[in-house]
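Chemist:
Numbering (the UniProt record's numbering), first residue to last: 1 to 203.
As structure tokens, then:
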């Protein structure tokens with residue numbers, strides 16, 4: 001499978017706006033099942049971090065005061081990612097913030113997002129739930145650090161994606177995997193995933 005950029009944001013809330021912004025971003029480059037490069041930075045967007053978010057993430061207002069501006073970070077990370085296909089766990093969330101923060105620097109996303117949460121729902125139905133930490137524990141994958149910090153979560157999502165790719169090869173007999181295939185699989189109803197995968201077998 002080609003190189004994929006696995007992204008995770010920490011934010012001050014759920015929906016991006018002038019008062020709800022990203023506070024941290026991490027990107028890990030996943031290639032042939034291995035993490036080959038990383039980018040991480042706190043980002044100061046000039047908004048306050050609510051107390052409950054600080055408790056959840058450990059990211060404080062004091063930490064953000066000395067962080068680089070959101071514009072500087074997004075310019076750097078946009079250059080780092082380039083046109084590499086994107087993936088996140090619960091990608092609907094990270095995609096919203098990626099698009100919003102890119103828009104603030106007058107950039108537009110060109111590539112699609114794959115979602116390891118949607119893929120895991122289809123390929124790991126026996127998992128107790130489909131939270132990132134639960135899935136990594138269920139699959140016996142390594143613990144990568146403090147949950148709800150961007151780099152730890154991005155590395156967990158990358159390890160989970162490598163595990164899902166391995167399952168597609170070994171369990172389902174798929175020889176050639178691609179980001180496009182992941183994007184198509186996440187749209188297939190869970191009840192029909194095995195039937196759908198049979199059609200791809202051997203390709």
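Backbone N, C-alpha and C fix where the C-beta goes; we use that ideal spot for every residue, glycine too.
1. Would DSSP call residue 81 helix, strand or coil?
2. So, with DSSP's three-state summary, where would you put residue 63?
3. In the DSSP assignment, what residue or residues form a beta bridge with residue 44?
4. Please report the straight-line C-alpha distance between residue 203 and residue 119, rounded to a whole angstrom.
5. By the 10 Å Cβ neighbour count, where 16 or more other Cβ atoms means buried, how is residue 125 classified, buried or exposed?
6. Where does residue 22 fall in DSSP's three states?
7. So who's on the other strand from residue 87, going by DSSP bridges?
8. How big is the Cα-Cα spacing for residue 161 and residue 47?
9. Would you call residue 143 buried or exposed, if buried means 16 or more other Cβ atoms sit within 10 Å of its Cβ?
10. Entirely within the stretch 153–198 and at least 4 residues each: give me those alpha helix (DSSP H) ranges in chain order.
11. Taking only the alpha-carbon atoms, compute the straight-line gap between residue 157 and residue 121 and give it to the nearest angstrom.
12. Suppose you measure from the CA of residue 180 to the CA of residue 68; what does that come to, to the nearest Å?
13. Curious, which full-length alpha helix (DSSP H) runs of at least 4 residues does the stretch 101–152 contain?
14. Quick one: measure Cβ to Cβ for residue 59 and residue 10, integer angstroms, because I've assumed they're closer than 8 angstroms.
15. Identify every residue that forms a DSSP beta bridge with residue 56.
Modeler: Inspection of the coordinates gives the following:
1. helix
2. Residue state, collapsed to three classes: helix.
3. 69
4. For residue 203, the predicted structure reports a pLDDT of 48, less than 50, and the residue's modelled location is therefore unreliable. A value from the coordinates is still provided. The alpha-carbon atoms of residue 203 and residue 119 are separated by roughly 19 angstroms.
5. exposed
6. strand
7. 6 and 114
8. 33 angstroms
9. exposed
10. 179–185
11. Approximately 14 angstroms, taken between the alpha carbons.
12. 34 angstroms
13. 116–123 and 132–138
14. About 6 angstroms separates the CB atoms of residue 59 and residue 10; that is less than 8 angstroms, so the two are in contact.
15. According to DSSP, residue 56 bridges with nothing at all.
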